[in-house]
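Novice: Take this structure, written in structure tokens, and hold onto it; I'll ask about it next.
Residue numbers (my numbering): 19 to 122.
Next up, the structure:
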């Protein structure tokens, strides 16, 4: 069984046991449980259920594994012959969540 969830404008296909990176949740502590209520689709051997826009009564639960940071993204702006060089970097913070259950 799998589900497609939406978390803060990011969609992910998840199965039980998968680990997904979600945007940083400041209030989430390691070992706490999170419920994703925005389930767009549930599929499995019984068939698929597509929500309009969400599947009624469906939820996905997960356990917070911890906080981590993504790879550094370097943005370098350059204009030739104008002596304009700007180098900026960014590292996105994520919350790693392990999916523990898909509820219909």
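Built from N, CA and C at the ideal position, the CB exists for glycine as well.
Values in this document were obtained by computation on a predicted structure and should not be read as measured data.
(1) Kindly identify the DSSP beta-bridge partner or partners of residue 97.
(2) For the beta strand (DSSP E) that contains residue 33, what are its first and last residues?
(3) Evaluate residue 118 with the Cβ neighbour count: other Cβ atoms within 10 Å of its Cβ, from every protein chain shown; 16 or more gives buried, anything less gives exposed.
(4) Residue range of the beta strand (DSSP E) that residue 61 falls in?
(5) For chain C, check one thing: does any of its Cβ atoms lie closer than 8 Å to the Cβ of residue 93?
Specialist: By the coordinates alone:
(1) As a working note, residue 97 is residue 79 in the chain shown. Answer by DSSP bridge pairing, in chain order: 102.
(2) Here residue 33 corresponds to residue number 15 of the chain shown, with the count starting at 1. That run of the beta strand (DSSP E) goes 28-33.
(3) The sequence position of residue 118 within the chain shown is 100, counting from 1. The residue in question, residue 118, is exposed, as its Cβ has fewer than 16 Cβ neighbours within 10 Å.
(4) Within the chain shown, numbered from 1, the residue matching residue 61 stands at position 43. Residue 61 -> beta strand (DSSP E) spans 57-61.
(5) Protein chains in the displayed structure number just one, and chain C is not present.
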